[in-house]
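J.: The structure under discussion is supplied below as structure tokens; questions concerning it will follow.
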Amino acid sequence: MFALVDVNNMYVSCERVFRPALNGKPVVVLSNNDGACIARSNEAKDLGVRMAQPWFEVRHLERSAGLIALSANFELYGDMSSRMMTLAAEYAPRQEVYSIDECFLDFDGVPGDLIGIGRDLRRKVLQWTGLPTSVGIAATKTLAKLANHVAKTADRKPGTYPREFAQVCDLSRLSAGQLEQIMQSTEVGAVWGVGRKTSARLNEGGIRNVLDLVRADVSALRKQFSVVLEKTLLELRGTGCMEVDDAPAGNQQIMCSRSFGQPITDLAVMTQAVSDFASRVTEKLRAQRSVARSVHVFFNTSAYRKHDRQHAPAITTPLARPTADTRFVIAAAVRAVEALFRPEFNYVKAGVMLTDLQPEGREQGELDLFDAEPEPPPNGTDRPGLMTAIDALNQRFGRDAVTLASATRPHQRSTHASRQERRSPRYTTRLAEVARAKA
DNA sequence: TCTGGGGTCCTAGGACCC
DNA sequence: TCTGGGGTCCTAGGACCC
78 MFALVDVNNM YVSCERVFRP ALNGKPVVVL SNNDGACIAR SNEAKDLGVR MAQPWFEVRH
138 LERSAGLIAL SANFELYGDM SSRMMTLAAE YAPRQEVYSI DECFLDFDGV PGDLIGIGRD
198 LRRKVLQWTG LPTSVGIAAT KTLAKLANHV AKTADRKPGT YPREFAQVCD LSRLSAGQLE
258 QIMQSTEVGA VWGVGRKTSA RLNEGGIRNV LDLVRADVSA LRKQFSVVLE KTLLELRGTG
318 CMEVDDAPAG NQQIMCSRSF GQPITDLAVM TQAVSDFASR VTEKLRAQRS VARSVHVFFN
378 TSAYRKHDRQ HAPAITTPLA RPTADTRFVI AAAVRAVEAL FRPEFNYVKA GVMLTDLQPE
438 GREQGELDLF DAEPEPPPNG TDRPGLMTAI DALNQRFGRD AVTLASATRP HQRSTHASRQ
498 ERRSPRYTTR LAEVARAKA
């Protein structure tokens, strides 16, 4: 038996913990460049704000409806997430942290009343962190996802599902008839793994709700779609095809990319921006104790700027040997920029991706005859100790406490910085920004 | 004026092998 | 005129997730 625990409107809920005045108000959290809405309170959803909707399209609601917009504060959300995950983990032998705001629990071998456990978990997370969650329980992960959807929707929109399913919903305790009733009143697009394209195609074939899907022919579906949808169908029928993965391997690729506050047409500025991204992404690489063998650099113009000529170059550069040394990654990234950059275009976004990752510590065995090829190392060799020291200092004294001389000084970053005009304090991770209590 | 930033998995097709 | 068949590996692109 599985549970899916999911924070309601995660980013908005994190903000509300520290600013209770936001409760009951329409609130959105904006993406990195203050460009689009990436989280919405229920009240904002009721105003019609869509997921990923551009901010300028809904900005008028600030005046007309009291909509409040905040810049994303990922440092805060990440910290709140780990608190929530720690609490949730106590309730089951195995936990899979699936995203920043949700985790699967595997109740295998846990006796007793799972609804009671779910309610207790919910109460504790709310009391200890201030975050409201929904809990879905069922025999497979896909069904647990569905149960979570029911728990959330029953709470938010009375009348869609029976009120008793709100907040914590256990599909395994329902009769076949009750389950069919729920499946029938749920659109197929709400199923985990069925996205926009697939639901459109399913609808064309007459499959509109979850019950239609459950009753469809497996082999026909597999032929017309894929093994992915076949697995989804089996899971909806109660046949488990997925396990809880409580020790996921590190990522297979790591990326850092951003939109710019203003388009970049200057090689030096682009070089600075890409160097910064290279530095950040290599930090992430070290944090998961991996090394990379290739660096992928890309940048692009904006398809929304219809009068601009479009350009989206990208190049993957193999590194002479697997490394997590920022200096080598920056060197490769800078050469890529110099090879690709064309000043006649308005670039609005760039990124650096590290690929062909492997666990650190096996690098030596990878050398071969041709690796003598000179990767231009600023000081000759990898200096893992140097990088570890930099990471430790930044961890302790704050990001950018120590950077390479080639990196942008924080005061220069405005040349390519994202807009972030509405960010809240990082209450839980920066001593200078903790909440103040008024006398 | 202004349109997110990450990730995963699967499939199809080409290069290459014997 | 007729131009193998089976396998692997790699890459690009698409669909999905949050």
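Using my numbering, the letters of the first sequence correspond one by one to residues 78 to 516.
Cβ atoms here follow ideal geometry from the backbone N, Cα and C, with glycine treated the same way.
Name the DSSP bridge partner or partners of Ile331?
T.: In DSSP, Ile331 forms a bridge with Leu431.
J.: Could you spell out the range, first to last residue, of the alpha helix (DSSP H) harbouring Arg342?
T.: The residue asked about is misnamed: residue 342 is Thr in this sequence, not Arg. No alpha helix (DSSP H) contains Thr342, which DSSP labels as neither H nor E.
J.: Near Thr505, which residues of its chain fall below 6 Å by C-beta distance, leaving aside the five closest residues on each side in sequence?
T.: Closer than 6 Å at Cβ, skipping near neighbours: Asp156.
J.: Since I believe Arg335 is in contact with Asn109 (beta carbons under 8 Å), could you give me their beta-carbon distance rounded to a whole number of angstroms?
T.: Indeed they touch by this definition, with Cβ atoms about 6 Å apart.
J.: Beta-carbon separation of Leu208 and Val82 under 8 Å?
T.: Taking 8 Å as the Cβ cut-off, Leu208 and Val82 do not qualify as a contacting pair.
J.: Can you list, in chain order, the stretches of the beta strand (DSSP E) that have 3 or more residues and sit fully within the segment 159 to 229?
T.: Qualifying beta strand (DSSP E) stretches, in chain order: 171 to 176, 179 to 183 and 210 to 215.
J.: Leu396: buried (16+ other C-beta within 10 angstroms of its C-beta) or exposed?
T.: Burial call: buried.
J.: Is Met162 near the ligand ZN - that is, is its Cβ less than 7 Å away from at least one heavy atom of it?
T.: With respect to small molecules bound, the structure shown includes none, and the ligand ZN cannot be examined in it.
J.: If you measure between the beta carbons of Ala494 and Gly338, is that distance less than 8 Å?
T.: In this structure, Gly338 lies closer than 8 Å to Ala494 by Cβ.
J.: Where does Pro239 sit, in a helix, a strand or coil, going by DSSP?
T.: Three-state result, Pro239: coil.
J.: Using the Cβ count rule (16 or more neighbours within 10 Å means buried), how would you classify Pro420?
T.: Looking at its Cβ environment, which holds fewer than 16 other Cβ atoms inside 10 Å, Pro420 is exposed.
J.: Please check the pair Asp402 and Met464, which I expect to be a contact at CB under 8 Å, by giving their CB distance rounded to whole angstroms.
T.: The Cβ separation is near 6 Å, so the contact holds.
J.: Please return the same chain residues whose Cβ sits closer than 8 Å to the Cβ of Asn456, not counting the five positions on each side in sequence.
T.: Low confidence applies to Asn456: its pLDDT is 47, below 50, so where it sits in the model is not reliable, and the reading given next is rough at best. If we look at Asn456 and ignore the five residues flanking it on each side, its Cβ neighbours are Arg404.
J.: Quick check: the Cα distance between Glu173 and Phe79, rounded to an integer number of angstroms?
T.: Rounded to the nearest angstrom, the two C-alpha atoms are 11 Å apart.
J.: Taking the Cβ atom as the reference point for each residue, do Tyr237 and Leu313 lie within a distance shorter than 8 Å?
T.: Checking the sequence shown, residue 237 turns out to be Thr, not Tyr. Taking 8 Å as the Cβ cut-off, Thr237 and Leu313 do not qualify as a contacting pair.
J.: Across which residues does DSSP place Thr394 in a beta bridge pair?
T.: Answer is Val372.
J.: Looking only at its chain, what residues have a beta carbon closer than 6 Å to the beta carbon of Val304, apart from the 5 residues adjacent to it on each side?
T.: Cβ neighbours of Val304 beyond the five flanking positions: none.
J.: Taking Cys91 as part of the alpha helix (DSSP H), name the residues at either end of that continuous run.
T.: Its alpha helix (DSSP H) spans residues Met87 to Phe95.
J.: Would you tell me roughly how many angstroms separate the C-alpha atoms of Asp320 and Val271, rounded to the nearest one?
T.: Note that residue 320 corresponds to Glu in the displayed sequence, not to Asp. About 19 Å.
J.: Kindly identify the DSSP beta-bridge partner or partners of Arg117.
T.: Per DSSP, Val105.
J.: Going by Cα to Cα distance, which pick from Tyr168, Arg200 and Ile177 is closest to Pro188?
T.: Measuring from the Cα of Pro188, the nearest candidate turns out to be Tyr168.
J.: With distances taken Cα to Cα, identify the nearest neighbour of Ala215 among Ile194, Ser249 and Asn225.
T.: Comparing Cα-Cα distances from Ala215 to each of Ile194, Ser249 and Asn225, the minimum goes to Ser249.
J.: Tell me the rounded alpha-carbon separation between Asp448 and Val368.
T.: Since pLDDT at Asp448 reaches only 48, below the 50 mark, its modelled position is unreliable, and the value read off the structure follows with that caveat. Looking at the two C-alpha atoms, the distance is approximately 16 Å.
J.: Residues in the same chain with beta-carbon distance under 6 Å from Leu290, minus the five sequence neighbours each way, listed in chain order, please.
T.: Val265 and Ile284, listed in sequence order.
J.: Between the Cα of Gly462 and those of Arg363, Phe474, Gly315 and Val414, spot the shortest distance and give me the residue it belongs to.
T.: Here the closest residue by C-alpha is Arg363.
J.: DSSP puts Ile145 in a beta bridge; with which residues?
T.: DSSP output for Ile145 lists Val104 as bridge partner(s).
J.: Out of Ser141, Val227 and Gly327, which one is the CA nearest neighbour of Leu434?
T.: With distances taken between Cα atoms, Leu434 lies closest to Gly327.
J.: If I measure Cβ to Cβ from Thr230 and keep anything under 7 Å in the same chain, skipping five residues before and after, which residues do I get?
T.: Excluding sequence neighbours, Thr230 sits near Thr237 and Tyr238.
J.: In this structure, does DSSP put Val58 in helix, strand or coil?
T.: In the structure as shown, the chain starts at 78 and stops at 516, and residue 58 therefore has no counterpart that could be examined.
J.: Mark Val429 as exposed unless 16 or more other C-beta atoms lie within 10 angstroms of its C-beta, in which case mark it buried.
T.: Counting Cβ neighbours within 10 Å, Val429 comes out buried, since at least 16 surround it.
J.: Quick one: what does DSSP say Thr480 is sitting in, helix, strand or coil?
T.: If DSSP states are grouped into helix, strand and coil, Thr480 belongs with coil.
J.: What is the DSSP secondary structure of Glu421, reduced to helix, strand or coil?
T.: Glu421 falls in the coil class under three-state DSSP.
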